[in-house]
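Taking the numbering used here, the leading residue of the sequence shown gets 1199, the next gets one more, and so forth. Quick reminder that beta carbons are idealized off the backbone N, C-alpha and C, glycines included. Bear in mind that the values here come from a model prediction, so they are computed numbers and not experimental data. One structure is given here, and the rest of the page talks about it.
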Amino acid sequence: MVAYTDSLGFAKNSAGFPANYTDRVSVVEIDLDFAKIAAARAAASAAALAATDTLVIGTLPVGAYVLSAAVTVVRAEGAAGTIDLGVTGTPALWGNDVSLNAAVGTTAGLTTGALYAAADTGVLLTINTNAIDAARIKVSLAVVNMGADLGTIANVT
1199 MVAYTDSLGF AKNSAGFPAN YTDRVSVVEI DLDFAKIAAA RAAASAAALA
1249 ATDTLVIGTL PVGAYVLSAA VTVVRAEGAA GTIDLGVTGT PALWGNDVSL
1299 NAAVGTTAGL TTGALYAAAD TGVLLTINTN AIDAARIKVS LAVVNMGADL
1349 GTIANVT
């Protein structure tokens, strides 16, 4: 198992909320195109993702409270392939053996394992099967900003 923290082939979100964040509930979406990830890793002479490897796909900022998570298949893998979705320390918090070969448009409404981020926390994707190199998924996290300063919360003085 190798724990990757790079962002070869995808855009990793940043750890932070907007300065004047008055709408404290949001959905964080992370687009993962495994064909692009595989091509970018090959172009950078980086090792291909293999079974049991983990990939930090984003960071939850301090004060983030995740209500729930979902994975939507945008393009199927074409063969058996599964992932786990969670955080460092609890790698299958939101999803265990989520199929990447499900029908396009399938959304796995994963467990509602709520999580409060007391420190910046990595969102972790674990590859459960070798050769995931064709699927495209959208990871969605329903997040509440619990760490806003009182001055940035509407109707609080």
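In this structure the stretch 1308-1319 does not touch the stretch 1240-1252; the number of beta carbon pairs closer than 8 Å is below three.
With 16 or more neighbouring CB atoms inside 10 Å of its own CB, Val-1271 falls in the buried class. Residue range 1334-1343 is occupied by the beta strand (DSSP E) that includes Arg-1334.
Across the set Thr-1250, Ile-1228, Ala-1300 and Ala-1301, the C-alpha of Thr-1250 shows the shortest separation from the C-alpha of Val-1200.
Note that the C-beta distance between Thr-1324 and Gly-1279 is not below 9 Å. Straight-line measurement puts the Cα of Trp-1292 at about 6 Å from the Cα of Leu-1308. Leaving aside the five residues that flank Ile-1255 on each side, the residues in its chain whose CB is nearer than 6 Å to its CB run, in chain order, Ile-1228, Val-1321 and Leu-1323. Scanning Ile-1281, Leu-1313, Ala-1268 and Gly-1303 for the CA closest to the CA of Asn-1343 turns up Leu-1313. Ala-1238 places its beta carbon 9 Å or farther from that of Gly-1287. If the five residues before and after Thr-1327 are omitted, its C-beta is found closer than 8 Å to the C-beta atoms of Ala-1249, Ala-1278, Gly-1279 and Thr-1280, all from its own chain and listed in chain order. For Arg-1239, there is no enclosing beta strand (DSSP E); the residue is found in the alpha helix (DSSP H) stretching over 1232-1241. Sorting Thr-1257, Asn-1294 and Ala-1333 by C-alpha distance to the C-alpha of Val-1302 places Ala-1333 at the top. Within 10 angstroms of the beta-carbon of Thr-1203 lie fewer than 16 other beta-carbons, which makes it exposed. Non-local C-beta neighbours of Lys-1234 in its own chain, meaning closer than 6 Å and more than five positions away in sequence, comprise Gly-1207, ordered along the chain.
Excluding its 5 nearest sequence neighbours in each direction, Leu-1253 has C-beta neighbours in its own chain below 6 Å: Tyr-1202 and Leu-1323, listed in chain order. Per the coordinates, the alpha-carbon of Ala-1209 lies some 23 Å from the alpha-carbon of Asn-1299.
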